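Just below is one structure, and these are the notes that go with it.
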Amino acid sequence: MELDKLSNFSEWYQTVLFDAGIMDIRYPIKGMPVYMPWGFQSIENMFALLEKKLNETGHQKMLFPVAIPETTFSKETEHIKGFEDEVLWITHGGLTPLEERLVLRPTSETAMYPMFALWARSHADLPLKIYQTTCVYRHETKATRPLIRGREVYWNEAHTSHATFEEASKNVEEAVRIYTEFFKELCLPFRIFKRPEFDKFAGAVYTYAFDTLMPDGRSLQVGTAHNLGDNFARAYDVKYSTESGESKYAYQTSYGVSMRAFAAVISIHGDKRGLKLPFTLSPIQIVFVPIYSKENMHAVDEKLRPIYESLKRTYRCTYDDSDKRPGDKFYFWELKGVPLRIEAGMRDLSENKVTLVDRNGTKKVIMIAELEKEIPLAVAAYHKKLYEDAVAFFNKHQFSANTIKELREIMDETRGMVRVGWCGDLGCAEELDKLDVGKILGYEKDNEKERACIICGKKGKEVVMSKSY
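Every position in the sequence shown, counted from 1, becomes a number in the numbering used here once 1 is added.
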């Protein structure tokens, strides 16, 4: 494809999604593309990695219905105000209007918590920790962008109930730890922000968000964790009896990671040749490319294929014996982002050697007997380079501004994340919004640094701003 993502990220992104077989956006509903096999399997592998971490911390997987009755959805008034412009409605059964409209879930608090009220009746039933990997639906009226902003969003959402606010807060910290480990395994740099009151999840006490930077300098939210307090418990009568028999409302949390995380993987790691997938995500982890002529084809296969047969018991491998030229095969699998390639011709094999090449272009000639030991080392080196390159770009786009002029210059020239002061007043936030110099992402987690407001000059705290998706 030979496109530079830094000079024209939008064109690069659309091209790589199609050429690498991630998705096809030609489905006749805006914001609902078709996930192609390579893309969908990559996303499934990503969510499997997250589900493993949730399972290890006491969460259980479930699946809830996609439709929510309007009366149930509207019980938490602050929540519905946050979503009423975005919901999609089911209004008819055949040609007959329904007695009650149904909402296609925009998120699942209002679907799950009436059931939580039935399940968690005693202190012995708590904590209740469940999750599902499914689709949610939003009536997006802004321009949609595949994997970034759509009407059908594939994601993983976790929901919990606890006996006290303190226990719920501890669970939010656990969610932050899980997501921190998860994003690091995807080799993604990020910062964690406490969203300002006006931008927190509707119905939450507070929201933490994970934001990374895309190649065009815009921030992308890739995960969130919310402490819901007892707000939803009061709306949906989620109560439990204490050891003394007293009835109390539960305290709840919710947290989620969507397909946006995969958009970040594609965008941050990819290059002019295509994708660079982390080893755990790639549907094929190692591709074997035999290099032969018509005369020695069978001889090469006889020596190389047994190595493939052995390694495929441990790794997801394929053996490319197609009629394409070796260079065309290299191009194809590099476009797909396959992390490792093992190539060998008759000369190498006669000396019991192969060449191991990673997607970053690192090559190493290895004795066949050492291959099993060398592959984990190659994977570690590949991930290290992915992460270091991503962090270098991320750190290069961290700035500070004391005036609107400085802030505007940064946003116009390079974009990125910019530290400024904000007094916390909604009026000053609205003024920043009118100036079109980015949005307030929030206060960096565990950072209470004081700083004068960039608008009014009054005493405030440091926040981070960016242009964002």
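Built from N, CA and C at the ideal position, the CB exists for glycine as well.
As the structure is a computational prediction, the values presented were derived from the model and not from experiment.
Item, Value
"Collapsed DSSP secondary structure at His160 in the structure displayed", "strand"
"Buried or exposed (CB count within 10 angstroms, at least 16 for buried), Gln399", "exposed"
"Whole runs of the beta strand (DSSP E) within the region 33 to 74, excluding any shorter than 3 residues", "68 to 70"
"Ala453 beta carbon less than 7 Å from that of Gly428", "no"
"Short Cβ contact (7 Å threshold) for Leu350 with Lys304", "yes"
"C-alpha gap between Asp322 and Ile267, whole angstroms", "27 Å"
"Cβ contact check for the region 157 to 165 and the region 187 to 198: 3 or more pairs under 8 Å", "no"
"Boundaries of the alpha helix (DSSP H) in which Lys304 is found, first to last residue", "Met298 to Leu312"
"Ala402 (DSSP reduced to helix, strand or coil)", "coil"
"Ala265 vs Val206 beta-carbon contact at 7 Å", "no"
"Test item: CB-CB of Asp5 and Lys440 under 7 Å", "no"
"Cβ of Glu3 within 7 Å of any chain C Cβ", "The structure shown contains no chain C; it holds only a single protein chain."
"Nearest to Tyr132 (by Cα), restricted to the options Thr145, Arg152 and Ser109", "Ser109"
"Among Lys374, Thr363 and Leu276, nearest to Tyr383 - alpha-carbon criterion", "Thr363"
"Neighbour-count burial assignment, Phe280, 16 or more Cβ in a 10 Å radius", "buried"
"C-beta contact flag for Val358 and Ser283 at 7 Å", "no"
"Per DSSP, the bridge partner or partners of Trp423", "Lys462"
"Met298 to Leu387 span [Cα, whole Å]", "35 Å"
"Residue range of the beta strand (DSSP E) that includes His227", "Ser220 to Gly230"
"Beta-bridge pairing of Ser259 - partner residues as DSSP gives them", "Trp156"
"Ala68 versus Asp390: straight-line alpha-carbon distance, rounded", "43 Å"
"Exposure of Val239, with buried meaning 16 or more beta-carbon neighbours within 10 Å", "buried"
"Secondary structure of Gln15, DSSP reduced to three states", "helix"
"Cβ shell of Ala210 (< 6 Å), same chain only, five flanking positions each side left out", "Phe194, Arg196, Gln222 and Thr225"
"Local conformation of Pro279 per DSSP, three classes", "coil"
"For Val137, the residue or residues it bridges with in DSSP", "Val154"
"Euclidean distance between Cα positions of Trp334 and Cys136", "30 Å"
"Reduced DSSP secondary structure (H/G/I, E/B, other) of Ser248", "strand"
"Beta-carbon proximity check, Thr356 vs Glu344, cutoff 7 Å", "yes"
"Cβ pair Lys446, Glu463 closer than 7 Å", "no"
"Range of the contiguous beta strand (DSSP E) that encloses Ser323", "Note, Ser323: premise wrong, no beta strand (DSSP E); not H, not E."
"Cβ separation of Ile285 and Cys318, assumed to be a contact under 8 Å, to the nearest whole Å", "7 Å"
"Contact under 7 Å by Cβ, Glu101 with Pro70", "yes"
"Nonlocal neighbours in the same chain, by C-beta distance under 7 Å from Pro147, ignoring five residues either side", "Leu18, Met24, Ile26 and Pro34"
"Test item: CB-CB of Arg231 and Tyr250 under 7 Å", "The sequence given here places Asp at residue 231; Arg does not occur at that position. Closer than 7 Å, so yes."
"Residue nearest to Ala370 in terms of C-alpha spacing, selected from Pro307, Glu186 and Arg409", "Pro307"
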